[in-house]
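Visitor: If you scroll down you'll find the structure; I have some questions about it.
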Amino acid sequence: MLHPLQSKQKNGSAASTAEPVLPPKPSTTSEPASGITSNGASGNSTPSKRGHKSPFTVEDPIEALLARNQHWSSHISQKYPELFPSLASTQKPQILWFGCSDSRVPETTILNLLPGEVFVHRNIANCLPPNDLSSLSVLQYAVEVLQVKHIIVCGHYGCGGIAAACSQKRLGLIDVWLKNIRDVRARNIKELMAIDDEEARIRRLVELNTVAQVHSVLHNANVIDAMRDRGMKVHGFVYDVANGKIRRLEVPDDHATEIFDLHDC
């Protein structure tokens, strides 16, 4: 079955279409109630320039969310009638996505994908420390069981976790997590301090942290095996919240992968 986001080319190969998967906005009779606006202030919220009205401006936001889900599922079912039945039996994503928990970086939306196309793990500042059982479990399952073809680590500009790691403030429990980023900062302090503009310096740390997490993935034994045995690829991306664009990062060879290439005795 041809994937819903693919169409046959003249040569018979499949190619992704550029059509965004955006269901029509559900109608509502509820008037906006006093609440939190998009800029965080109290008061009556107004629709944004593109006409999107947040469900959190109505009197019962949870019911509004459920209504949106009903509308979305009906729309997708009509457009791709075989999608949900096929997903009920199995998942076959080709991509494992390691991203940030930030609400502005929803991977399925910014990649214009449907359910079932990307396996996801997100945390603060897209970190993959070698002792984090959660991310390691996701990585092993995606590589060994799902047999993904690509792993993407995606950072984003404007990341609060990166900014927090650049501060000298004691923040509590999260400081344990931010140590991963502060280690990256320490290893690259000479380059970072040569950047006079603070915003540019933080943006550069976003990139350096993403590259460091890509290296962390590349040092994983399961990943090394999959790259060698079936050609799996690992990529570093950075997303710009200000324009919605993703770009690929150059990931230099740290010449350490062979050290982690383990074999049975």
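Numbering-wise (this note's numbering), the sequence shown opens with residue 1 and increments by one.
Where a beta carbon is used, it is the ideal one built from N, C-alpha and C, also for glycine.
Nothing here was measured: the structure is a model prediction, and the numbers come from that model.
Is Q213 buried or exposed, if buried means 16 or more other CB atoms sit within 10 Å of its CB?
Guide: Under this definition Q213 is a buried residue.
Visitor: For the alpha helix (DSSP H) that F84 lies in, which residues bound it at each end?
Guide: Per DSSP, F84 belongs to the alpha helix (DSSP H) from L83 to S89.
Visitor: On a Cα-Cα basis, can you pick out the residue from A142, L113, G99 and E144 that is closest to R122?
Guide: Ranking A142, L113, G99 and E144 by Cα distance to R122 puts G99 first.
Visitor: Report the residue from L146, K79 and H215 whose alpha carbon sits nearest the alpha carbon of T90.
Guide: Measuring from the Cα of T90, the nearest candidate turns out to be L146.
Visitor: Which ranges would you report for the beta strand (DSSP E) in the segment 115-178 if only whole runs of at least 3 residues count?
Guide: The qualifying runs are 118-123 and 150-156.
Visitor: Could you round the C-beta distance between S241 and R104 to whole angstroms and report it? I think they count as a contact, below 8 Å.
Guide: Note that residue 241 corresponds to Val in the displayed sequence, not to Ser. With 8 Å as the limit, V241 and R104 qualify as a contact, their Cβ atoms being about 5 Å apart.
Visitor: Answer with buried or exposed for S137, where buried requires no fewer than 16 other C-beta atoms within 10 angstroms of its C-beta.
Guide: With fewer than 16 Cβ atoms within 10 Å of its Cβ, S137 is classed as exposed.
Visitor: What number of angstroms, rounded off, separates the C-alpha of H150 from the C-alpha of I189?
Guide: Their Cα atoms are separated by approximately 31 Å.
Visitor: May I ask which residues mark the beginning and end of the alpha helix (DSSP H) holding H255?
Guide: H255 -> no alpha helix (DSSP H), and no H or E assigned at all.
Visitor: Here's a check: name, in chain order, each residue in its chain whose Cβ is nearer than 8 Å to the Cβ of R228, leaving out the five neighbours to either side.
Guide: Answer for R228: D261, listed in chain order.
Visitor: Expressed to the nearest angstrom, what Euclidean distance is found between the alpha-carbon atoms of P24 and H75?
Guide: With a pLDDT of only 47 at P24, under 50, the local geometry of the prediction cannot be trusted, and the value read off the model is given with reservation. Going from the Cα of P24 to the Cα of H75 covers about 8 Å.
Visitor: Can at least three beta-carbon pairs, one atom from the segment 160-172 and one from the segment 108-115, be found at a separation below 8 Å?
Guide: Flag = no, the segment 160-172 and the segment 108-115 do not touch.
Visitor: How would you write the range of the beta strand (DSSP E) that L96 sits in, first residue to last?
Guide: I95 to C100 is the extent of the beta strand (DSSP E) around L96.
Visitor: Comparing C-alpha positions only, which one of L218, G236, D254 and E258 sits nearest to R248?
Guide: Nearest option by C-alpha distance: G236.
Visitor: Would you list the residues sitting across from R248 in a DSSP beta bridge?
Guide: Answer is F237.
Visitor: For E57, report the span of its alpha helix (DSSP H) as first-last.
Guide: According to the sequence shown, residue 57 is Thr rather than Glu. Counting along the chain, T57 falls outside any alpha helix (DSSP H), and DSSP gives it neither H nor E.
Visitor: Quick check: I181 and V148, are their CB atoms within less than 9 Å of each other?
Guide: No, these two residues do not count as a Cβ contact at 9 Å.
Visitor: Three-state secondary structure (DSSP) at A242?
Guide: A242 falls in the coil class under three-state DSSP.
Visitor: I189 lies in the alpha helix (DSSP H); which residues open and close that run?
Guide: Taken as a continuous stretch (DSSP letters only), the alpha helix (DSSP H) holding I189 covers I189 to M193.
Visitor: What residues in its chain sit with their C-beta under 8 Å from that of S101, if we drop five residues either side in the sequence?
Guide: Correct list, in chain order: R122, N123 and I124.
Visitor: Is H156 buried or exposed, if buried means 16 or more other CB atoms sit within 10 Å of its CB?
Guide: Buried, because 16 or more other Cβ atoms sit within 10 Å of the Cβ of H156.
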